[in-house]
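Chemist: 163 is the number of the first residue of the sequence shown in the numbering used here; add one for each residue after it.
Beta carbons are placed, not taken as given, at the ideal position from N, Cα and C, and that holds for glycine.
Predicted model, so just to flag it, every value in this text is computed and none were measured.
The structure that follows is given in the form of structure tokens.
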Amino acid sequence: MRKIAYVFPGQGSQYVGMGYDFYREFPTARDVFHSAEKALRYDLPSIVFKGPEEELNKTINTQPAILTTSIAIYKVMVELGFPKPDVVAGHSLGEYSALVVAGGVELFEAVRLAHIRAKLMQEGVPEGKGAMAAILKLSPEKVEEVCRQASEYGVVEPANYNSPEQTVISGEKSAVEKAMEIAKHMGGKAIPLKVSVPSHCSLMKGPADAFRLKLAQTPIKNLSIPLVQNYTAREHTMAHEVRENLYRQLFSPVRWYQSVQYMVEKLGVGVFVEIGPKNVLSKLIQQTVSGVLVFNIEKVEDLEKVRKAL
Numbered sequence: 163m164r165k166i167a168y169v170f171p172g173q174g175s176q177y178v179g180m181g182y183d184f185y186r187e188f189p190t191a192r193d194v195f196h197s198a199e200k201a202l203r204y205d206l207p208s209i210v211f212k213g214p215e216e217e218l219n220k221t222i223n224t225q226p227a228i229l230t231t232s233i234a235i236y237k238v239m240v241e242l243g244f245p246k247p248d249v250v251a252g253h254s255l256g257e258y259s260a261l262v263v264a265g266g267v268e269l270f271e272a273v274r275l276a277h278i279r280a281k282l283m284q285e286g287v288p289e290g291k292g293a294m295a296a297i298l299k300l301s302p303e304k305v306e307e308v309c310r311q312a313s314e315y316g317v318v319e320p321a322n323y324n325s326p327e328q329t330v331i332s333g334e335k336s337a338v339e340k341a342m343e344i345a346k347h348m349g350g351k352a353i354p355l356k357v358s359v360p361s362h363c364s365l366m367k368g369p370a371d372a373f374r375l376k377l378a379q380t381p382i383k384n385l386s387i388p389l390v391q392n393y394t395a396r397e398h399t400m401a402h403e404v405r406e407n408l409y410r411q412l413f414s415p416v417r418w419y420q421s422v423q424y425m426v427e428k429l430g431v432g433v434f435v436e437i438g439p440k441n442v443l444s445k446l447i448q449q450t451v452s453g454v455l456v457f458n459i460e461k462v463e464d465l466e467k468v469r470k471a472l
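Shown next as structure tokens:
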């Protein structure tokens with residue numbers, strides 16, 4: 163029997179109107195959105211469903227919005243009798259959605275954590291100082307070499323090991339721009355990302371230290387489902403390890419494709435279901451491993467199709 167992993171997207175997958183069909187059709191999904199609204203004390207559903215886009219794209223709104231949408235979809239899946247996953251994982255912010263599903267933290271607390279995390283990240287580096295870029299067509303090792311060469315211009319580091327074909331870099335704007343030039347000379351393709359925060363690099367150490375205090379005050383329980391975490395690309399169930407890895411995740415690279423490989427090779431995962439807006443992770447999984455089934459549930463019409471396949 164092939165094991166099932168539920169995986170959850172991170173920042174960048176958001177769009178105005180995501181999750182609205184679930185909100186409209188299922189009281190369970192409505193409850194999730196209203197619970198998030200209470201936790202944050204502002205009208206999150208309105209921002210998610212009506213926008214404007216620039217309001218949703220503010221990091222402090224984006225992070226709780228994607229988390230809430232993903233959990234609303236997941237709760238409907240539970241209600242409809244979908245199988246329980248054998249393992250869960252999430253990309254960056256998505257790790258918080260996975261943590262809720264694994265039973266480590268209540269949605270109310272998770273939404274507040276996501277909001278605080280986003281606020282600290284946004285305030286941690288002055289606007290315009292940081293940048294991120296996706297490097298394609300170069301191996302992760304080559305991208306590491308690119309960062310080493312560009313580091314004399316400032317901080318630049320691998321931030322997301324997304325697939326064997328895609329690594330995102332993060333750091334100070336001048337160094338990231340230099341790294342993009344070097345990557346192109348090496349035969350790679352470099353795409354600047356529309357972000358205001360240089361995530362998952364050492365510039366985030368200050369915000370991470372402040373966030374660590376918030377994590378310490380948040381009740382996190384031992385998990386009932388193993389969570390493969392970004393920082394280690396290994397599964398964890400003990401609350402103290404989960405908490406430490408969430409702290410380190412902020413200023414360390416997201417080891418996504420290593421996590422996917424580990425789930426397939428060591429944990430026996432043969433089915434991945436991406437839960438939440440868009441299908442970014444589904445595409446990355448397909449670039450990373452072969453011979454697995456990959457589904458995503460983003461719209462109400464996806465439910466029946468995926469349930470039959472499972």
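List the endpoints of the continuous beta strand (DSSP E) containing Phe434.
Modeler: Unbroken beta strand (DSSP E) run through Phe434: Val431 to Ile437.
Chemist: Any idea what DSSP makes of Phe195, helix, strand or coil?
Modeler: In this structure, Phe195 counts as helix in the three-state DSSP scheme.
Chemist: Any contact of the segment 282-296 with the segment 354-361, i.e. 3+ C-beta pairs under 8 Å?
Modeler: In short, these stretches touch, since the Cβ pair count reaches three.
Chemist: Would you kindly check if the distance between the Cβ of Leu377 and the Cβ of Leu408 is under 7 Å?
Modeler: Result yes, Cβ atoms of Leu408 and Leu377 sit closer than 7 Å.
Chemist: Just checking, does the segment 316-325 make contact with the segment 261-280 on the three C-beta pairs under 8 Å criterion?
Modeler: No, they do not touch.
Chemist: Tell me where the alpha helix (DSSP H) around Tyr406 begins and ends.
Modeler: A quick correction: the sequence has Glu, not Tyr, at residue 406. It spans Ala401 to Gln411 - the alpha helix (DSSP H) in which Glu406 sits, taken as one unbroken run.
Chemist: Using 8 Å as the Cβ pair cut-off and three pairs as the minimum, do the segment 388-400 and the segment 249-260 touch?
Modeler: The segment 388-400 is in contact with the segment 249-260.
Chemist: What is the residue span of the alpha helix (DSSP H) that Ile344 lies within?
Modeler: Taken as a continuous stretch (DSSP letters only), the alpha helix (DSSP H) holding Ile344 covers Lys335 to His347.
Chemist: Could you name each continuous alpha helix (DSSP H) segment of 4 residues or more that falls completely within the segment 210-250, going from the start of the chain to the end?
Modeler: Counting whole runs of 4 or more residues, the segment 210-250 contains the alpha helix (DSSP H) stretches 215-218 and 221-241.
Chemist: Taking 8 Å as the cut-off, does the segment 420-436 touch the segment 340-355 (at least 3 CB pairs, one atom from each stretch)?
Modeler: No, because fewer than three Cβ pairs between the segment 340-355 and the segment 420-436 fall closer than 8 Å, the two stretches do not touch.
Chemist: Quick check: the segment 300-307 against the segment 229-236, are at least 3 beta-carbon pairs closer than 8 Å?
Modeler: The segment 229-236, when compared against the segment 300-307, does not touch it at the 8 Å Cβ threshold.
Chemist: Determine the closest residue to Gln379 out of Ser259, His402 and Lys440, with distance taken between C-alpha atoms.
Modeler: Taking only the C-alpha atoms, the option nearest Gln379 is His402.
Chemist: Run through DSSP, which three-state label would Ser332 get?
Modeler: Residue state, collapsed to three classes: strand.
Chemist: Just to confirm before moving on: does the CB-CB distance between Ala296 and Gln225 stay below 7 Å?
Modeler: No, the Cβ-Cβ distance between Ala296 and Gln225 is not below 7 Å.
Chemist: Tell me whether Ser444 sits in a helix, a strand or coil according to DSSP, three-state version.
Modeler: Helix.
Chemist: From Leu355 to Ala260, what distance separates their C-alpha atoms?
Modeler: If you take the alpha carbons of Leu355 and Ala260, they lie about 25 Å apart.
Chemist: For the putative contact between Ile447 and Val416, defined by C-beta atoms under 8 Å, what is the C-beta separation to the nearest angstrom?
Modeler: Not confirmed; about 14 Å, so no contact.
Chemist: Please determine, among Lys461, Val468 and Cys309, the residue with the shortest C-alpha to C-alpha distance to Tyr177.
Modeler: Tyr177 has its Cα closest to that of Lys461, out of Lys461, Val468 and Cys309.
Chemist: By DSSP, does Met140 sit in helix, in strand, or in coil?
Modeler: Any property of residue 140 remains undetermined from this structure, which presents the chain solely from 163 to 472.
Chemist: Mind reading off the beta-carbon distance from Phe373 to Leu282? Whole number of angstroms is fine, and I expect it under 8 Å.
Modeler: Indeed they touch by this definition, with Cβ atoms about 5 Å apart.
Chemist: Between which residues of its own chain and Ser197 is the CB-CB distance below 7 Å, once the five residues before and five after are set aside?
Modeler: Excluding residues within five positions, the ones whose Cβ falls inside 7 Å are Leu269 and Phe270.
Chemist: Evaluate Glu397 with the Cβ neighbour count: other Cβ atoms within 10 Å of its Cβ, from every protein chain shown; 16 or more gives buried, anything less gives exposed.
Modeler: Glu397 is buried by the Cβ-count criterion.
Chemist: Would you give the residue range spanned by the beta strand (DSSP E) that Tyr323 belongs to?
Modeler: Val318 to Ser325 is the span of the beta strand (DSSP E), which, as asked, contains Tyr323.
Chemist: Which of helix, strand or coil does DSSP assign to Phe457?
Modeler: Strand.
Chemist: Counting C-beta neighbours from all protein chains within 10 Å, is the total for Tyr204 16 or more, i.e. buried, or is it exposed?
Modeler: Under this definition Tyr204 is an exposed residue.
Chemist: Quick one: Cα of Glu314 to Cα of Val263, how far?
Modeler: Rounded to the nearest angstrom, the two C-alpha atoms are 42 Å apart.
Chemist: If you follow the beta strand (DSSP E) that Phe170 is part of, which residue opens it and which one closes it?
Modeler: Note, Phe170: beta strand (DSSP E), Lys165 to Phe170.
Chemist: Classify Val390 as helix, strand or coil using the three-state DSSP reduction.
Modeler: DSSP places Val390 in strand when its eight states are reduced to three.
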